[in-house]
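S.K.: I am attaching a structure below and will ask some questions about it afterwards.
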Amino acid sequence: MTTRNRGAPHSHDSDAAARRSARSQAVSAMKQHLILEAAQRVFSRNGLEGASIRAIAAEAGYTPGAIYTHYPSKEAIYGDLLAASLERLNQAVAAAGRAEEAPARRVRAMALAFYDFYLEHPGELDLGFYLFQGMRPVGLTPELDARLNQRLRDALRGIESGLTDLGWSRSVAVRETTGLFGYCAGLLLLTHTGRIRMFGQHGRELFSEHLDRLLERVADPG
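Residue numbers for the sequence shown, in numbering that gives the first Met the number 0: 0 to 221.
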């Protein structure tokens with residue numbers, strides 16, 4: 000008497016379903032990637048306020064309905080773009096810090112990596128500073144804004160930690176890191192807009208000199 004393998008058809012069906020699911024996920028991921036690329040171009044041209052799902056869809060070659068299957072709003076798209084940008088920033092800063100053991104050299108390397116990331120990638124600067132729409136995050140929910148700000152804060156945490164290793168209290172290190180970030184942001188904005196040329200200065204040189212003075216102060220608190 001021959002016994003049939005009752006499990007084989009079921010296994011075949013499961014494998015086919017798994018392949019279909021994998022293909023569907025790959026297609027969805029590719030569409031999402033194209034949407035994000037198109038959205039970044041639209042945001043760079045128009046800002047967050049001036050962008051729309053319709054404009055992003057036209058840029059990507061899709062219908063607005065196709066965009067809504069992936070994202071509920073332009074702010075959600077913007078949030079994904081900015082989150083990915085901040086992850087790249089964190090990776091660049093962390094890599095620079097790992098290359099140096101001495102705290103002073105580590106602080107300098109991480110601060111310059113932060114500055115250089117935005118200097119060398121102006122599109123990331125547009126995202127990172129909310130396209131400077133009135134110097135405030137326009138259209139983002141408080142929850143999304145908080146998450147994104149936390150990742151930006153994370154990129155600066157190694158600098159703060161290095162300053163405490165050099166002898167400053169945490170409160171002083173936080174204050175100095177805040178000032179360093181403000182100086183960095185201002186120079187990047189001047190450089191990005193070309194306004195720094197009217198002073199005949201170079202933003203990176205000014206930032207490097209500012210770092211030197213900061214590290215001199217922490218080395219000689221008196």
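From the three backbone atoms N, C-alpha and C, an ideal C-beta is built for every residue, glycine too.
Apart from the five residues on each side of it in sequence, which residues of its chain come closer than 6 Å, Cβ to Cβ, to A95?
M.R.: A108, M109, A112.
S.K.: Taking three-plus beta-carbon pairs below 8 Å as touching, is the region 153 to 173 in contact with the region 58 to 71?
M.R.: Taking 8 Å as the limit for Cβ pairs, the verdict is that the region 58 to 71 does not touch the region 153 to 173.
S.K.: How big is the Cα-Cα spacing for E99 and E86?
M.R.: E99 and E86: Cα-Cα distance of roughly 21 Å.
S.K.: Just mark D125 as buried or exposed, buried being the case when its beta carbon has 16 or more other beta carbons within 10 Å.
M.R.: Buried, by the Cβ-count rule.
S.K.: Can you say whether E215 is buried or exposed, counting buried as having 16 or more other CB atoms within 10 angstroms of its CB?
M.R.: Exposed.
S.K.: Quick one: what's got a C-beta closer than 7 Å to A172's C-beta in the same chain, skipping five residues either side?
M.R.: For A172, where only same-chain residues beyond five positions count, the Cβ hits under 7 Å are E159, L162, T163.
S.K.: Count the other CB atoms within 10 Å of the CB of N89; is the residue buried (16 or more) or exposed (fewer)?
M.R.: The residue in question, N89, is buried, as its Cβ has 16 or more Cβ neighbours within 10 Å.
S.K.: Quick check on Q200: does DSSP put it in helix, strand or coil?
M.R.: Correct three-state label for Q200: coil.
S.K.: Pairs of beta-carbons, one from the region 53 to 68 and one from the region 27 to 40, closer than 8 Å: are there three or more?
M.R.: Judged by Cβ distances under 8 Å, the region 53 to 68 makes contact with the region 27 to 40, as three or more pairs qualify.
S.K.: Please report the residue range of the alpha helix (DSSP H) in which I69 lies.
M.R.: Checking the displayed sequence, the identity of residue 69 turns out to be His instead of Ile. Here H69 belongs to no alpha helix (DSSP H), and DSSP marks it neither H nor E.
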